[in-house]
Structures are given as structure tokens and as C-alpha cells.
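Notes follow once the structure below has been shown.
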């Protein structure tokens with residue numbers, strides 16, 4: 001394996017690791033902040049807590065599977081595309097749960113602010129999907 005291939009492989013692994021652990025840590029901060037509130041949580045805060053709790057294992061599963069993901073990227077097997085699609089769907093779901101958790105935190109303060117945050121957070125995904133349809 002060439003030096004550039006090793007560098008690319010380690011860069012991809014580092015990106016997966018930083019993304020997964022950083023996002024799981026952010027979810028964990030939300031959970032810790034919400035569990036530190038004394039008294040009952042209102043509906044948006046309860047949803048935020050649930051969404052963050054669901055996002056944590058999804059991000060950690062990406063972290064645990066980072067070596068397999070790197071190996072899949074090099075593989076020339078026919079099942080590679082399906083497996084990488086599954087990985088990207090898990091990543092998108094985890095990001096969606098993190099985004100929904102933050103949206104609910106914003107909606108706790110103001111429902112309009114929650115809506116604005118959700119629309120602005122989802123616009124890159126919608127733009128990416130639209131560009132993918134145009135280019136393929």
C-alpha cells in the first residue's frame with residue numbers, strides 16, 4: 001500500500017472518529033444538561049432528551065465500525081455500495097436525531113425559533129439531495 005493510500009485511509013478514519021465521537025459527546029452534553037434540571041420537563045425538553053438518547057448509540061456505532069467502514073471503501077465487491085449506503089443512512093439518522101434534539105431545545109424557548117432552526121439545519125440535506133438528482 002502506498003504512502004498516499006495510508007494517509008487517505010488514516011484521514012478517513014480520523015474524520016469518522018471525530019464526527020462520531022464529537023456528535024455523541026454533544027448529545028451527551030444535552031442529556032447531562034437536561035437531567036440536571038430540577039422539576040418536571042415540559043414536552044419539548046422531554047423530546048429533546050429522547051432524541052439525544054437515541055442519537056448517542058447511533059453515533060457510537062459509527063465510531064465502533066470505523067475500521068470496517070474504511071475497509072468497505074477499499075473493497076471492490078458488489079455489496080460495497082449497499083453497505084456504504086447503509087452506513088450513510090445510519091449517519092443521516094443520527095444527525096437527524098441530534099438536529100431534532102437541538103430543535104426541541106430551541107422550541108422550548110420559542111416554537112418559531114425551533115422551526116427556523118430545523119429548516120436551516122435541514123436545508124443542506126435537501127440541497128444535497130436535489131443536486132444528487134440533477135447530477136445522476
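Numbering (the numbering used here), first residue to last: 1 to 136. C-beta: ideal position from N, C-alpha, C; glycine also.
Throw me the rounded Cβ distance for the residue 34 and residue 48 pair, which I believe falls under 8 angstroms. For the purposes of this step, residue 34 is taken as residue 34 along the chain shown, with counting starting at 1. For the purposes of this step, residue 48 is taken as residue 48 along the chain shown, with counting starting at 1. Yes, residue 34 and residue 48 are in contact; Cβ-Cβ is about 6 angstroms, under 8 angstroms.
Excluding the 5 residues preceding and the 5 following residue 51 in the sequence, name in chain order all residues of the same chain whose CB lies nearer than 8 angstroms to its CB. Here residue 51 refers to the residue found at position 51 when the chain shown is read from its first residue. Taken in chain order, the residues that qualify are 97, 98, 100, 101, 104.
Measure the Cβ-Cβ separation of residue 56 and residue 24 and say whether it is below 7 angstroms. The sequence position of residue 56 within the chain shown is 56, counting from 1. The sequence position of residue 24 within the chain shown is 24, counting from 1. Yes, they are a contact pair.
Taking DSSP as the reference, what is the three-state secondary structure of residue 79? What you label residue 79 is simply residue 79 of the chain shown in a count that begins at 1. DSSP places residue 79 in coil when its eight states are reduced to three.
Within 10 Å of its beta-carbon, does residue 78 have 16 or more other beta-carbons around it, so buried, or fewer, so exposed? Here the question's residue 78 lines up with position 78 in the chain shown. With fewer than 16 Cβ atoms within 10 Å of its Cβ, residue 78 is classed as exposed.
If we count the other Cβ atoms within 10 Å of its Cβ and call it buried at 16 or more, is residue 16 buried or exposed? As a first step, residue 16 is located in the chain shown; it is residue number 16 there, counting from the start. Result: buried.
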